[in-house]
Structure formats: structure tokens, C-alpha cells
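Quick note: the sequence shown uses the working numbering, first residue 45, plus one each step.
Cβ coordinates follow ideal geometry from the N, Cα and C atoms, glycine included.
It should be emphasised that the depicted structure is a prediction, and the values quoted were computed from it without experimental measurement.
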Amino acid sequence: MKIRFLGQSGYVIKTAHSEIVIDPYLSDSVNRIAGRARLLDVPIEPQNIRCDAVICTHDHLDHLDPDTVSKIDANQLFVTTNGGKEKLNSLGRKNVIPLREGERICIGDLEITAVFADHTVEAFGLIVRAEGMTLYFSGDTLYNEELFSIAAYRPDVTFICINGKLGNMNAEEALEVARRIGAELNIPNHYDMFASNSEDPRVFAERIKGGCIMEFDREYRLISENGRPRLV
45 MKIRFLGQSG YVIKTAHSEI VIDPYLSDSV NRIAGRARLL DVPIEPQNIR CDAVICTHDH
105 LDHLDPDTVS KIDANQLFVT TNGGKEKLNS LGRKNVIPLR EGERICIGDL EITAVFADHT
165 VEAFGLIVRA EGMTLYFSGD TLYNEELFSI AAYRPDVTFI CINGKLGNMN AEEALEVARR
225 IGAELNIPNH YDMFASNSED PRVFAERIKG GCIMEFDREY RLISENGRPR LV
């Protein structure tokens, strides 16, 4: 498995047979609309996305970005919330599957389950299973004890938001959630894209079992090796 970091909450997950893209924010639309410039280079041009599905965990600009979507092939499969489906349809994307919490879909050899998230709009987190690994992506979520139930999926790795603003848990709250879930490897995210919505990832990573700060090369790569991710 290869996991490529795209910044914020964005990832590419590629197995031997399948590929998905999660929450790609590949423009500067937040700056255009809300006056908050991106701090990271765009790692992939949206028109170059070729995958089995793009998953948007909710309808916010940095997760379902109209400037990114408009450049992705119109026939691309999208998976999102009901609200996200309406937005994608309005952007001319008709190949859209909505998911609710607890619903599951298989994309090639990837099994994807929508799980609880408590955000300012309809949203879900993700459990992704493939090649003997279980990954949890929190997406955007406030602290809520219902997140502790993610432990039942026994994830090997978590990717957890820590920014503490705009409907997201802060680092202290993310620590409590990660400890309750009990994964071997815990990676903070959603702290790096905007100066006004950031956090020091060491506040989380240095205090949790298996904590890792996302370090990446110019190609934003996180690669799985020998059954567990290796940071590049």
C-alpha cells in the first residue's frame, strides 16, 4: 500500500489493484473566497487525478473544493454525503454515491466504511481496509465520546484532525480520542494548510503511542513498508 499526503486532510491511497483520493484540496479557492491563502504547494494538478473514486467527507471548501472538482474528469466516481452529492451534482458531476454513517462500499480491493463525525455540516469519517491494514481518517470532527467507538474497528493507523478551530477537535481532545481508539500509529493532520487554522503537530505526536509527525518530500509521499507506513 502507498499513502500519499496531499496536505490538510487529503490523501491518495493506492493498493496493488485500486486507488482512491480522499478530500483533495488542490487549488487556492479558500483564499479566493475567504481570504486565507494556502501555505503548501499544490502536489497534484486536479486534471491529472486518475483513480477509482474520489471521496469527499463533507461539503466544505477544503474537502469538497469546486475549483478542484471542476478540473477532474466529469465521469469520475465520487463518494460523499447527501449534502455533498447535491453540491457535486450542481458542479456537473453525476457519478456520485452518497454514504451515511455505518454504510459500506467496496472500491476494488478497498473496503470503505463511513463512520461517525460531529462537524458543523453533515460529515463522516472513514475506515479503510485493504491488504491486511485498517486505517481511520477522522475527517473534520469535534470532540465527542461517540468517537471512542472507532476502537471497535481496531485500526492500525489513525489520521486525526488537531487544529481545534472551525468545528474540529484540538490537540488535547485528539489525544484523548486516539488513546481510546488504541491504534499503534497515530498521525495528526489538518494543521498545515492555513496560517489562521493551524497547530503544532508535536503537541499531539510527542504525547501519543506511535505518534508521528507527517514528514514528506516534495512529492508528499507516505509509503507503507513491511505492513505498516514508513514516513519519507
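Just mark residue i as buried or exposed, buried being the case when its beta carbon has 16 or more other beta carbons within 10 Å.
{"i": "HIS102", "result": "buried"}
{"i": "CYS95", "result": "buried"}
{"i": "GLY243", "result": "Correcting the residue identity first, residue 243 is Glu in this sequence and not Gly. Classification for GLU243: buried."}
{"i": "GLN91", "result": "exposed"}
{"i": "SER134", "result": "exposed"}
{"i": "ARG76", "result": "exposed"}
{"i": "ILE267", "result": "Only weak support exists for where ILE267 lies, its pLDDT of 42 falling under 50; the coordinates are left without a value."}
{"i": "GLN61", "result": "Note that residue 61 corresponds to His in the displayed sequence, not to Gln. Burial call: exposed."}
Could you work out which residue in the options is closest to residue i when comparing CA atoms only?
{"i": "THR202", "options": "ARG224, VAL165, PRO87, ARG76", "result": "ARG224"}
{"i": "VAL278", "options": "ASN188, LEU210, ASP200", "result": "Outside the displayed range of the chain (45 to 276) lies residue 278, so it cannot be described from this structure."}
{"i": "HIS107", "options": "GLY169, GLU228, PRO232", "result": "GLY169"}
{"i": "VAL65", "options": "ILE88, ALA81, LEU219", "result": "ILE88"}
{"i": "LEU84", "options": "TYR180, VAL74, LEU179", "result": "VAL74"}
{"i": "GLY136", "options": "LEU143, ARG148, ALA158, ASP111", "result": "ASP111"}
{"i": "ARG148", "options": "ILE116, GLU130, TYR197", "result": "TYR197"}
{"i": "VAL165", "options": "ILE116, LYS131, ILE231", "result": "LYS131"}
I need the boundaries of the alpha helix (DSSP H) containing residue i, first residue and last residue.
{"i": "LYS129", "result": "126-134"}
{"i": "ALA78", "result": "73-78"}
{"i": "THR101", "result": "Note, THR101: premise wrong, no alpha helix (DSSP H); not H, not E."}
{"i": "VAL113", "result": "110-113"}
Report all residues from its chain with a CB closer than 6 Å to the CB of residue i; omit the five preceding and five following residues, and keep chain order.
{"i": "PHE160", "result": "GLU145, GLU190"}
{"i": "PHE238", "result": "ARG80"}
{"i": "THR59", "result": "MET45, ASP153, ALA174, GLU175"}
{"i": "ASN207", "result": "HIS234, TYR235, ASN241, GLU243"}
{"i": "ALA158", "result": "LEU143, GLU145, GLU147, PHE168"}
{"i": "GLU63", "result": "CYS95, ASP96"}
Near residue i, what residues of its chain come up, given a Cβ to Cβ distance below 8 Å and the 5 sequence neighbours on each side ignored?
{"i": "ALA195", "result": "ARG224, ILE225, GLY226"}
{"i": "ALA167", "result": "THR101, HIS102, THR125, ALA161, GLY183, ASP184, THR185"}
{"i": "GLU263", "result": "With a pLDDT of only 47 at GLU263, under 50, the local geometry of the prediction cannot be trusted, and the value read off the model is given with reservation. Excluding sequence neighbours, GLU263 sits near ARG48, PRO87."}
{"i": "PHE192", "result": "VAL221, ARG224, ILE225"}
Could you name the residues of the same chain whose beta carbon sits closer than 7 Å to that of residue i, not counting the 5 residues immediately before and after it, in chain order?
{"i": "GLY54", "result": "ILE66, ASP67, PRO68, TYR69"}
{"i": "SER240", "result": "ARG80"}
{"i": "ASN270", "result": "For ASN270, the pLDDT reaches just 40, beneath the cut-off of 50, and the residue's location in the model is therefore unreliable, although a value from the coordinates is still provided. Here the set comprises nothing."}
{"i": "ASN139", "result": "ASN119, GLN120, LEU121, PHE122"}
Which stretch, first to last residue, makes up the beta strand (DSSP E) that contains residue i?
{"i": "VAL65", "result": "63-66"}
{"i": "ALA196", "result": "Unbroken run through ALA196: none, as it is neither H nor E."}
{"i": "LEU143", "result": "Taken as a continuous stretch (DSSP letters only), LEU143 belongs to no beta strand (DSSP E), as it is neither H nor E."}
{"i": "GLY51", "result": "46-51"}
* Can you list, in chain order, the stretches of the alpha helix (DSSP H) that have 4 or more residues and sit fully within the stretch 199-262? -> Counting whole runs of 4 or more residues, the stretch 199-262 contains the alpha helix (DSSP H) stretches 215-225, 246-249.
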